[in-house]
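Notes follow the structure.
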């Protein structure tokens, strides 16, 4: 009988493959537990892995404490700053969050009315958790980052005033459609501008030029600061911390913002002092799909693509 070495050769191949796999996994585990991110040199915000800059693998941040909305933006900024030396691309808050889209879902679910639908009254939204100790965040690989940047660069906003709609478009498709409220069809004295002001939302083409991540709140009529709001259900809460988005239209900053309203009953109405109001949940989605430089078109089209004619709310025709 002729002896055969095939079984032993196969065993050697299997053992060699397993050995290589163990070495690789061991290396990755070592890197995962080797470093710590700090915000000011003293407080550890997260542990993270250090993988070679040209690695095909995304890198993982381990969150070691709870993070609430009131400190969320500072926390994310600290991560972006800490990771900059390790990456071959420019990391941004928007890119990081799109690599971890569950963060957007978490933020949208802090909407007061979503919470109330679950019988959970929240007086101060800033105390709600966004991240928990033990959560992980992914730092995208260079290839993933390039794809995400292409996605973000292609985003554009479209607002049709008489339709009361804000749409977010990607490169090839419509991504979201949200109900909005727009400016009233009248003039009114606003102490903030110290003049009689046309409250109608201004049309034109422009870009997103500023994010107010922790805005101060002033009554535009009286120019007095305020800190609480009366909800549609009659309850009073602190104003939520959700970014306000400033537009530049036709080369001019009119102070026309895209921001959440705490009274969604006013949506699909000409109700505001010129700004575009949205639901709280929608405002988070819009913010993370409107990085600085995003194109925006604010139009006044009465005739829809399906042939329907809208009401001429500003009596322009």
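Residue numbers (the working numbering): 104 to 420.
All C-beta atoms in this analysis are idealised placements derived from N, C-alpha and C, irrespective of residue type, glycine included.
Computed from a prediction, not measured in an experiment: that's the story for all the values here.
Backbone secondary structure at residue i - three-state DSSP
{"i": "residue 392", "result": "coil"}
{"i": "residue 281", "result": "strand"}
{"i": "residue 301", "result": "strand"}
{"i": "residue 426", "result": "There is no way to answer for residue 426, as the model of the chain reaches only from 104 to 420."}
{"i": "residue 267", "result": "coil"}
{"i": "residue 165", "result": "strand"}
{"i": "residue 251", "result": "helix"}
{"i": "residue 214", "result": "coil"}
{"i": "residue 190", "result": "coil"}
{"i": "residue 261", "result": "strand"}
{"i": "residue 219", "result": "helix"}
{"i": "residue 380", "result": "strand"}
{"i": "residue 272", "result": "strand"}
{"i": "residue 405", "result": "coil"}
Where the alpha helix (DSSP H) through residue i begins and ends
{"i": "residue 341", "result": "Run containing residue 341: none in the alpha helix (DSSP H); it sits in the beta strand (DSSP E), 339-341."}
{"i": "residue 209", "result": "205-211"}
{"i": "residue 314", "result": "Looking at the DSSP string, residue 314 is not in any alpha helix (DSSP H); the run it does join, the beta strand (DSSP E), is 307-315."}
{"i": "residue 198", "result": "196-202"}
For residue j and residue i, the rounded distance between their alpha carbons
{"i": "residue 289", "j": "residue 372", "result": "13 Å"}
{"i": "residue 281", "j": "residue 218", "result": "19 Å"}
{"i": "residue 364", "j": "residue 324", "result": "17 Å"}
{"i": "residue 397", "j": "residue 314", "result": "12 Å"}
{"i": "residue 263", "j": "residue 213", "result": "27 Å"}
{"i": "residue 56", "j": "residue 236", "result": "Look at the range of the chain in this structure, 104 to 420, and you will see that residue 56 is not part of it."}
{"i": "residue 136", "j": "residue 220", "result": "With a pLDDT of only 33 at residue 136, under 50, the local geometry of the prediction cannot be trusted, and no value is derived from it."}
{"i": "residue 286", "j": "residue 164", "result": "43 Å"}
{"i": "residue 404", "j": "residue 240", "result": "42 Å"}
{"i": "residue 406", "j": "residue 265", "result": "10 Å"}
{"i": "residue 238", "j": "residue 331", "result": "32 Å"}
{"i": "residue 177", "j": "residue 416", "result": "41 Å"}
{"i": "residue 274", "j": "residue 200", "result": "19 Å"}
Delimiting residues of the beta strand (DSSP E) encompassing residue i
{"i": "residue 236", "result": "Element bounds for residue 236: n/a, residue is neither H nor E."}
{"i": "residue 413", "result": "From DSSP, residue 413 is part of no beta strand (DSSP E); its letter is neither H nor E."}
{"i": "residue 373", "result": "373-375"}
{"i": "residue 398", "result": "398-402"}
{"i": "residue 363", "result": "360-363"}
{"i": "residue 351", "result": "347-352"}
{"i": "residue 293", "result": "290-293"}
{"i": "residue 333", "result": "331-333"}
Whole-Å CB distance - residue i paired with residue j, under 8 Å assumed
{"i": "residue 260", "j": "residue 242", "result": "So it is not a contact: roughly 28 Å between Cβ atoms."}
**Contact between the segment 236-254 and the segment 355-369 (3+ Cβ pairs under 8 Å)** = no
Are the segment 224-234 and the segment 338-347 in contact at 8 Å, needing three or more beta carbon pairs?
yes
Does the segment 327-340 come close enough to the segment 301-308 to have 3 or more Cβ pairs within less than 8 Å? no
Kindly confirm or deny that the segment 346-365 and the segment 380-392 touch, where touching means at least three C-beta pairs closer than 8 Å. yes
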